[in-house]
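Working notes, beginning with the structure itself.
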Amino acid sequence: MNPTGTIFPFTERSRALQARVAEFVAERVMPAEAEFAAHAADPATRWTIPPKLEALKAEARAAGLWNLFLPDADHGGHSRHPASRDTCASMHGAGLSNLDYAPIAELTGRSLHAPEVFNCNAPDTGNMEVLLHFATPAQQSPWLGKLLAGEIRSGFAMTEPDVASSDATNIALPIVRDGDEYVITGRKWWTTGAGDPRCKILIVMGVTDPDAPPHRRQSMVLVPMDTPGVRVVRPLTVFGYDDAPQGHVELYFDNVRVPVANRLGESGSGFEIAQARLGPGRIHHCMRLIGLAQRALETMVERARHRQAFGKPLGGHGMAQEAIALSRCEIEQARLLTLQAAAALDAQGNKGAKDLIGMIKIVAPRMACRVIDRAIQIHGGAGLSQDLFLAQAYAGARSLRLADGPDEVHIAALARSMLKS
Ligand SMILES: Cc1cc2nc3c(=O)[nH]c(=O)nc-3n(C[C@H](O)[C@H](O)[C@H](O)COP(=O)(O)OP(=O)(O)OC[C@H]3O[C@@H](n4cnc5c(N)ncnc54)[C@H](O)[C@@H]3O)c2cc1C
């Protein structure tokens, strides 16, 4: 039994979904990992979508394991635009609270491909939430339904190579009004998912109001990928992993023109939308990391049981025991903290849960890096090789010490909040 279930009372619905998602990940997704890896290793298919991925998505959708991340109106899933509520209600996911969804996100984190199989992958989840909360029905209609159906993908382009983007007020991409259009020229990078041939829409943050106070200068605009002038410059790599076919890319906007009607919310509301986007997304990221660390620990235990060195199994050596025991403690600590943050988000909203969300963003990626590093060590050379999931898992966990805000920014914000109170 999962001991956290006794502290955090998951609903019966969540518990039933947890069991079904666990089974689907173990029996359908993880056995397909080798096929996905072979597809990505072949230069002819590298930036194309493995047919197996679409087949698994269809299976998960038919089984009702789809869009589970999306809360209902009672849990903050309503649109600000009353006219779009009915449309969106018909497309809603399971209507789970953040607390009920958190253990499901953990299970999907066990495999790199599982989040997409359930249409619960970043950055699409955050982008769907932004469209749901901040877009008008006219802005939603070309994109939101298709994203919720898993037919297209999206990117979120905020970070820029030329400014310290961990401070969102630095974002400098000019979005200049020209009559009824905005003209966008400049660079973005680390736009996750924009290398994917199915990526059709970008949410782009840039400066529309250069003379306003720092937090009111930026806006977010919808930029269809096929708009003339949108160029994918290159895929970026994390320790050599390009995460094809989704990728993390550098983009150049060369005099890109979009209607002013593509702006989300009021002019200057980009910072506010960015803040709203990140609350649930950070909980999902952290729970997925906990799932990944849990899988690394299970692999570590399995190896320590069977691999013999110096006359006994690795598990008979004190240092391997320490790696296993500390990993279990640290995973459980991070899990409890993250579930607490999810419960606080449900009860108090983004603002009330701010400190706890900052805490998990500091704790979970560091924990996952430590646990996966120990698992690599216990596997010797195999741990670093392409034969196991561990090396790529480490690259992913390490990325999350930067993506969605570097550790230091969360540490500084948490300390400021405590010093103020
Ligand atoms: C794999 C991956 C995927 C990503 N996906 C996306 C995406 O989809 N969309 C997107 O827009 N961005 C994405 N990012 C970018 C990520 O969000 C940024 O890299 C991050 O916000 C940091 O911005 P920066 O790189 O400009 O670093 P900088 O802002 O230049 O910061 C550099 C370093 O300065 C230090 N620092 C900053 N502030 C403080 C402080 N207050 N106190 C002490 N030290 C500080 C930190 O160590 C920080 O790491 C992704 C990044 C990675 C690695």
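Numbered per the numbering used here, the sequence shown finishes at 422, counting up by one with no gaps.
From the three backbone atoms N, C-alpha and C, an ideal C-beta is built for every residue, glycine too.
#1: Going by DSSP in three states, Phe254 sits in which element: helix, strand or coil?
#2: For Asp405, is the beta carbon positioned less than 7 Å from some heavy atom of ligand 1?
#3: Decide if the region 94-103 is in contact with the region 152-169; the criterion is three or more beta carbon pairs, one per stretch, under 8 Å apart.
#4: Within 10 Å of its beta-carbon, does Leu327 have 16 or more other beta-carbons around it, so buried, or fewer, so exposed?
#5: For Lys352, is the classification buried or exposed, using 16 other Cβ atoms within 10 angstroms of its Cβ as the cut-off for buried?
#6: Under 8 Å, do Gly232 and Asp255 count as touching if we go by C-beta distance?
#7: DSSP on Ala1, reduced to helix/strand/coil?
#8: Consider the C-beta atom of Thr49 and the heavy atoms of ligand 1; say whether any pair is separated by less than 7 Å.
#9: Leaving out five residues before and five after Tyr253 in sequence, what residues of the same chain have Cβ atoms less than 7 Å from its Cβ?
#10: Given a cut-off of 8 Å, decide if Met226 and Ile202 are closer than it, judged by their beta-carbon atoms.
#11: Taking the beta carbon of Val118 as the centre, do at least 16 other beta carbons fall within 10 Å, making it buried, or is it exposed?
#12: With DSSP collapsed to three states, give me the class of Val164.
#13: State the Cα-Cα distance for the pair Leu18 and Gln295, rounded to the nearest angstrom.
#14: With burial defined as no fewer than 16 other Cβ atoms inside 10 Å of the residue's Cβ, what is the status of Met419: buried or exposed?
#15: Considering only the alpha carbon of each residue, which of Pro44, Ile358, Ala42 lies closest to Gly280?
#16: Using 10 angstroms around the beta-carbon of Asn171, count the other beta-carbons present and answer buried if the total reaches 16, otherwise exposed.
#17: Can you grab the Cα-Cα spacing for the pair Leu66 / Ala277, in whole Å?
#18: In chain order, what residues of the same chain lie with their CB nearer than 8 Å to the CB of Arg289, ignoring the 5 residues before and after it?
#19: Mapping the DSSP letters down to three states, classify Phe157 as helix, strand or coil.
#20: Within 10 angstroms of the Cβ of Asp43, are there 16 or more other Cβ atoms? Answer buried if so, exposed if not.
#21: Under the rule that 16 or more other beta-carbon atoms within 10 Å means buried, what is Gln349, buried or exposed?
#22: By Cβ distance, which residues of its chain are closer than 7 Å to Gln341, with the 5 residues on each side in sequence left out?
#23: Where does Thr7 sit, in a helix, a strand or coil, going by DSSP?
#24: Spatial neighbours of Phe240 within its chain, please: C-beta separation below 7 Å, excluding the five flanking residues on both sides.
#25: Does the region 379-394 come into contact with the region 295-306, if we say contact requires no fewer than three beta-carbon pairs (one atom in each stretch) closer than 8 Å?
#26: Any heavy atom of ligand 1 closer than 7 Å to the Cβ of Ala245?
#27: For Gly269, tell me which candidate among Pro211, Gln219, Arg329 has the shortest Cα-Cα distance.
#28: Assuming Val364 contacts Leu338 (C-beta within less than 8 Å), just tell me the rounded distance between them.
#29: Spatial neighbours of Lys58 within its chain, please: CB distance less than 6 Å, with the 5 preceding and 5 following residues excluded, ordered by chain position.
#30: Go ahead and label Asp212 buried or exposed: buried means 16 or more other beta carbons lie within 10 angstroms of its beta carbon, across all protein chains shown.
#31: From this set, Asp405, Thr46, Ala136, Thr160, which residue's C-alpha is nearest Arg283's C-alpha?
The answer reads as follows:
#1: For the purposes of this step, residue 254 is taken as residue 253 along the sequence shown, with counting starting at 1. Strand at Phe254.
#2: Residue numbering aside, residue 405 sits at position 404 when the sequence shown is read from its first letter. Under cutoff, so the answer is yes.
#3: no
#4: Counting from 1 along the sequence shown, the entry for residue 327 is found at position 326. With fewer than 16 Cβ atoms within 10 Å of its Cβ, Leu327 is classed as exposed.
#5: Reading the sequence shown from its first residue, position 351 is the one you call residue 352. When all chains shown are included, Lys352 counts as exposed.
#6: Along the sequence shown, one-based indexing puts residue 232 at 231. Along the sequence shown, one-based indexing puts residue 255 at 254. Residue identity differs from the one stated: residue 232 is Arg in this sequence, not Gly. Contact flag set, yes.
#7: Only positions 2 to 422 of the chain appear in the structure, and residue 1 is not among them; the question remains open.
#8: Mapped onto the sequence shown, residue 49 falls at position 48. No; taking the cut-off as 7 Å, the Cβ of Thr49 has no heavy atom of ligand 1 nearer than that.
#9: Numbered from its first residue, the sequence shown carries residue 253 at position 252. For Tyr253, where only same-chain residues beyond five positions count, the Cβ hits under 7 Å are Arg188, Arg232, Val234.
#10: Residue 202 sits at position 201 when you count from the first residue of the sequence shown. Residue 226 sits at position 225 when you count from the first residue of the sequence shown. Yes, the pair counts as a contact, with Cβ atoms nearer than the cut-off.
#11: Sequence index remark: in the sequence shown, residue 118 carries index 117 (1-based). Val118 should be labelled buried.
#12: Taking the first residue of the sequence shown as 1, we reach residue 164 at position 163. Val164: coil per DSSP, three-state reduction.
#13: One-based indexing of the sequence shown puts residue 18 at position 17. One-based indexing of the sequence shown puts residue 295 at position 294. The alpha-carbon atoms of Leu18 and Gln295 are separated by roughly 19 Å.
#14: The count along the sequence shown starts at 1 and reaches residue 419 at position 418. The Cβ neighbour count for Met419, taken over all protein chains shown within 10 Å, is under 16; the residue is labelled exposed.
#15: Reading the sequence shown from its first residue, position 279 is the one you call residue 280. Among Pro44, Ile358, Ala42, the Cα nearest to that of Gly280 is on Ile358.
#16: Counting from one through the sequence shown, the residue named residue 171 turns up at place 170. Label assigned to Asn171: exposed.
#17: For the purposes of this step, residue 66 is taken as residue 65 along the sequence shown, with counting starting at 1. For the purposes of this step, residue 277 is taken as residue 276 along the sequence shown, with counting starting at 1. Approximately 25 Å between the Cα atoms of the pair.
#18: Taking the sequence shown and counting its residues from 1, the one referred to as residue 289 is at position 288. Same-chain partners within the cutoff: Ala106, Glu107, Thr109, Gly110, Pro116.
#19: Counted from its first residue, the sequence shown places residue 157 at position 156. Taken through DSSP and simplified to helix, strand or coil, Phe157 comes out as strand.
#20: Mapped onto the sequence shown, residue 43 falls at position 42. It counts as exposed.
#21: Start at 1 with the first residue of the sequence shown, and residue 349 comes out as number 348. So Gln349 counts as exposed.
#22: For the purposes of this step, residue 341 is taken as residue 340 along the sequence shown, with counting starting at 1. Excluding sequence neighbours, Gln341 sits near Leu357.
#23: Along the sequence shown, read from residue 1 onward, the residue named residue 7 stands at position 6. Of the three classes helix, strand and coil, the one that applies to Thr7 here is helix, per DSSP.
#24: Here residue 240 refers to the residue found at position 239 when the sequence shown is read from its first residue. Correct list, in chain order: Ala396.
#25: A contact is defined here as three or more CB-CB pairs under 8 Å, and the region 379-394 meets this definition with respect to the region 295-306.
#26: To locate residue 245, count along the sequence shown from 1; it is residue 244. No, ligand 1 has no heavy atom inside 7 Å of this Cβ.
#27: The residue labelled residue 269 in the question sits at position 268 within the sequence shown. Selected option, being the one with the closest Cα: Gln219.
#28: Here residue 364 is taken as the residue at index 363 of the sequence shown, counted from 1. Here residue 338 is taken as the residue at index 337 of the sequence shown, counted from 1. Going by Cβ atoms, the distance from Val364 to Leu338 rounds to 6 Å, so yes, they are a contact pair.
#29: For the purposes of this step, residue 58 is taken as residue 57 along the sequence shown, with counting starting at 1. Non-local C-beta neighbours of Lys58 in its own chain, meaning closer than 6 Å and more than five positions away in sequence, comprise Val118, Gly151, ordered along the chain.
#30: To locate residue 212, count along the sequence shown from 1; it is residue 211. By the beta-carbon neighbour count (other beta carbons within 10 angstroms, threshold 16), Asp212 is exposed.
#31: The residue given as residue 283 occupies position 282 in the sequence shown. Closest by alpha carbon: Asp405.
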